[in-house]
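Residue numbers (my numbering): 68 to 352. Below is one structure, written out as structure tokens; comments come after it.
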């Protein structure tokens, strides 16, 4: 089972005087990169929120937002009446104007408005925490759904590489025989006498350099290990990335040893499938 790092989660809490909307968005990242936006009243809870998110999302570039919409006739900002009156009186000594114009000027001055700092209601905060959990769960479900799509793609491409490896194994004897014939023909064209036994010894030594038996076995093992890791209970994109590097190493070695055009064509196709796997692995948790 694998999870994508791409996801979205949302939860809405309707209270008597306000509506609170919680949103979570995530994209791929090597580590957890959390950006939190919220009204100042909840800032004292930011570390608690970050811990809650980090424990459940692990990795990704995550944007967390709390939006508050007031639904009742209530405001925390009030006019500082004595200060405004003093400003207006002072303005009358400086300029001529009616009270409406002077009021417009006075309310722009410092301390003309008082903002009463709200305190967090613990019962309200408990409900918000529950909604944050719901948003996280929704995001994780989105990640899981995306992960299933990635898993199907990985399995298809790993199978393609395995099928191409079967073709490599099938044409390997033909490749070795072709190498043998080319070398023998080259020696015969020299029109020089040579020791047949010595030639066979040198030929065996030379062909051993092109032997890809170990690479074929290791590549097959890596492909099986990749599939096993996808089906494990944990989603580990970094681990799959390491396995894909090992797969690439064996494919490259087969290509460098092949010395045979049909086999090199198969190697190119395997590399193409592997590159597509690596691109998608960047999105795996």
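Glycine included, C-beta positions come from ideal geometry on N, C-alpha and C. Values in this document were obtained by computation on a predicted structure and should not be read as measured data.
- For residue 134, the enclosing beta strand (DSSP E) covers residues 127–137.
- Secondary structure note for residue 88: it is in no alpha helix (DSSP H), and the uninterrupted beta strand (DSSP E) holding it is 85–94.
- Out of 206, 207 and 191, the CA that lies nearest to the CA of residue 86 is found in 191.
- Between the segment 216–224 and the segment 272–291, the count of Cβ pairs shorter than 8 Å is below three; the stretches do not touch.
- Counting of Cβ neighbours within 10 angstroms places residue 131 among the buried residues, the total reaching 16 or more.
- When DSSP states are grouped into helix, strand and coil, residue 245 belongs to the helix group.
- Only buried fits residue 72, as 16 or more other CB atoms lie within 10 angstroms of its CB.
- A straight-line Cα-Cα distance of about 28 Å links residue 349 and residue 133.
- Residue 296 is a Cβ neighbour of residue 310, given a cutoff of 8 Å.
- Taking C-alpha positions only, residue 211 is separated from residue 99 by approximately 18 Å.
- With contacts defined by Cβ atoms closer than 8 Å, residue 118 and residue 95 do not form a contacting pair.
- Annotation: the continuous beta strand (DSSP E) that includes residue 75 extends over 74–81.
- The continuous stretches of beta strand (DSSP E) do not include residue 169, which lies in the alpha helix (DSSP H) extending over residues 166–173.
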